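Residue numbers (this note's numbering): 1 to 230.
This is the structure in structure tokens:
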């Protein structure tokens, strides 16, 4: 989080390249094979091409399917990577760095790979955001956005796609639902986060399972070891 805030401040002051606080405007909006979603209709627009009345819902629906496709693609790639040796190395590194080092896993390269791939997916989301808004600036990504993303990952659970989706709905939807309680909204939100961290320390849905599953409480004996169950 601290490094991300440093980058934001650098971009804010690098006016020659990023425009500084003024940001970058005039970013083209997404089109459907060259057809725009102009409310004026006419040639070159989606409404004019299909012969329907212009509506803001046409653009909203199109953007929805774009982000849905990106989310499904991200989920598919993530699931594929988790089944690869690299994904196994990530999971092992998450659980125990010392054990990973003893197995000969390059910790630095493994961490850098995870960071680079995560940044790639973040770039996809950033491109979509800027194209949707038509404008982007350093103020679009403040500390609270970074903290929210981190909270979504922590609350969702280690390695759980479903948990991440559930946490995103809670983190984004609940504050909007508490708009009427503007004064106490952040207080209620903070208390809820603390309670969740205490009750579900590994997140809403965690993929980690015990190494040995026992029906009845009992000690691990020599027979279980010889059978490969422990």
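We treat Cβ as the ideally placed atom computed from N, Cα and C, and that holds for glycine.
As the structure is a prediction and not an experimental result, all values here were calculated from the model.
Using the C-alpha atoms, what's the distance from residue 60 back to residue 176? As a working mapping, residue 176 is identified with position 176 in the chain shown. As a working mapping, residue 60 is identified with position 60 in the chain shown. Cα to Cα, residue 176 sits roughly 19 Å from residue 60.
Using the beta-carbon count (16 or more within 10 Å), is residue 55 buried or exposed? Residue numbering aside, residue 55 sits at position 55 when the chain shown is read from its first letter. The residue is exposed, with fewer than 16 neighbouring Cβ atoms inside 10 Å.
By alpha-carbon positions, which one of 20, 130, 168 and 88 ends up nearest to residue 71? Against the chain shown, residue 71 aligns to sequence position 71. Per the Cα distances, 168.
So for residue 73, helix, strand or coil by DSSP? By 1-based counting over the chain shown, the position of residue 73 is 73. Correct three-state label for residue 73: helix.
Where residue 106 falls: helix, strand or coil (DSSP): In the chain shown, counting from the first residue as 1, residue 106 sits at position 106. In the structure shown, residue 106 sits in coil (DSSP, three-state: anything other than H, G, I, E or B).
Can you find the residues in the same chain that come closer than 8 Å, C-beta to C-beta, to residue 171, ignoring five residues on each side of it along the sequence? Here residue 171 corresponds to residue number 171 of the chain shown, with the count starting at 1. Cβ neighbours of residue 171 beyond the five flanking positions: 148, 151, 152 and 155.
N-terminal and C-terminal residue of the alpha helix (DSSP H) that residue 150 is part of: Sequence index remark: in the chain shown, residue 150 carries index 150 (1-based). Run containing residue 150: 143 to 156, per the alpha helix (DSSP H) assignment.
Can you give me the Cβ contacts of residue 137 inside the same chain, cut-off strictly under 6 Å, excluding the 5 residues immediately before and after it? Here residue 137 corresponds to residue number 137 of the chain shown, with the count starting at 1. Only 23 meet the Cβ criterion.
How long is the line joining the alpha carbons of residue 131 and residue 191, rounded to whole angstroms? Stepping through the chain shown from its first residue, residue 131 is reached at position 131. Stepping through the chain shown from its first residue, residue 191 is reached at position 191. Looking at the two C-alpha atoms, the distance is approximately 35 Å.
Are the segment 114 to 128 and the segment 4 to 16 touching, with three or more C-beta to C-beta distances below 8 Å? no
Using 8 Å as the threshold, is the C-beta distance between residue 139 and residue 30 below it? Taking the chain shown and counting its residues from 1, the one referred to as residue 139 is at position 139. Taking the chain shown and counting its residues from 1, the one referred to as residue 30 is at position 30. The answer is no: Cβ separation not under 8 Å.
Can you list the alpha helix (DSSP H) stretches of 4 or more residues lying completely in the segment 79 to 136, in chain order? 85 to 95, 97 to 102 and 107 to 133
Residues near residue 107 in its chain [Cβ-Cβ closer than 7 Å; skip 5 each side]: On the chain shown, position 107 is the one that residue 107 refers to. So the list reads 93, 97, 100 and 101, once near-sequence residues are dropped.
When the Cα of residue 135 is compared with those of 27, 73, 103 and 44, which residue comes out closest? By 1-based counting over the chain shown, the position of residue 135 is 135. The shortest C-alpha separation from residue 135 is found at 27.
Proximity below 8 Å, CB of residue 143 to CB of residue 1: Reading the chain shown from its first residue, position 143 is the one you call residue 143. Reading the chain shown from its first residue, position 1 is the one you call residue 1. Yes.
Close Cβ partners of residue 228 (< 6 Å) along its chain, the five nearest in sequence each way excluded: In the chain shown, counting from the first residue as 1, residue 228 sits at position 228. Bear in mind that a pLDDT of 47 at residue 228, under 50, signals an unreliable position, so the model cannot answer this.
Excluding sequence positions up to five away, which residues of its chain have a Cβ less than 7 Å from the Cβ of residue 67? As a working note, residue 67 is residue 67 in the chain shown. Excluding residues within five positions, the ones whose Cβ falls inside 7 Å are 128.
For residue 140, which of helix, strand or coil comes out of DSSP? Translated into the one-based positions of the chain shown, residue 140 becomes position 140. Residue 140: helix per DSSP, three-state reduction.
On the criterion of 16 or more Cβ atoms from any shown chain inside 10 Å, does residue 89 qualify as buried, or is it exposed? For the purposes of this step, residue 89 is taken as the residue at position 89 of the chain shown. Its Cβ being crowded by 16 or more others within 10 Å, residue 89 is buried.
Report the three-state DSSP secondary structure of residue 24 (helix, strand or coil). Residue 24 sits at position 24 when you count from the first residue of the chain shown. Correct three-state label for residue 24: strand.
Cβ separation of residue 65 and residue 37, assumed to be a contact under 8 Å, to the nearest whole Å: Here residue 65 is taken as the residue at index 65 of the chain shown, counted from 1. Here residue 37 is taken as the residue at index 37 of the chain shown, counted from 1. About 13 Å; that fails the 8 Å criterion.
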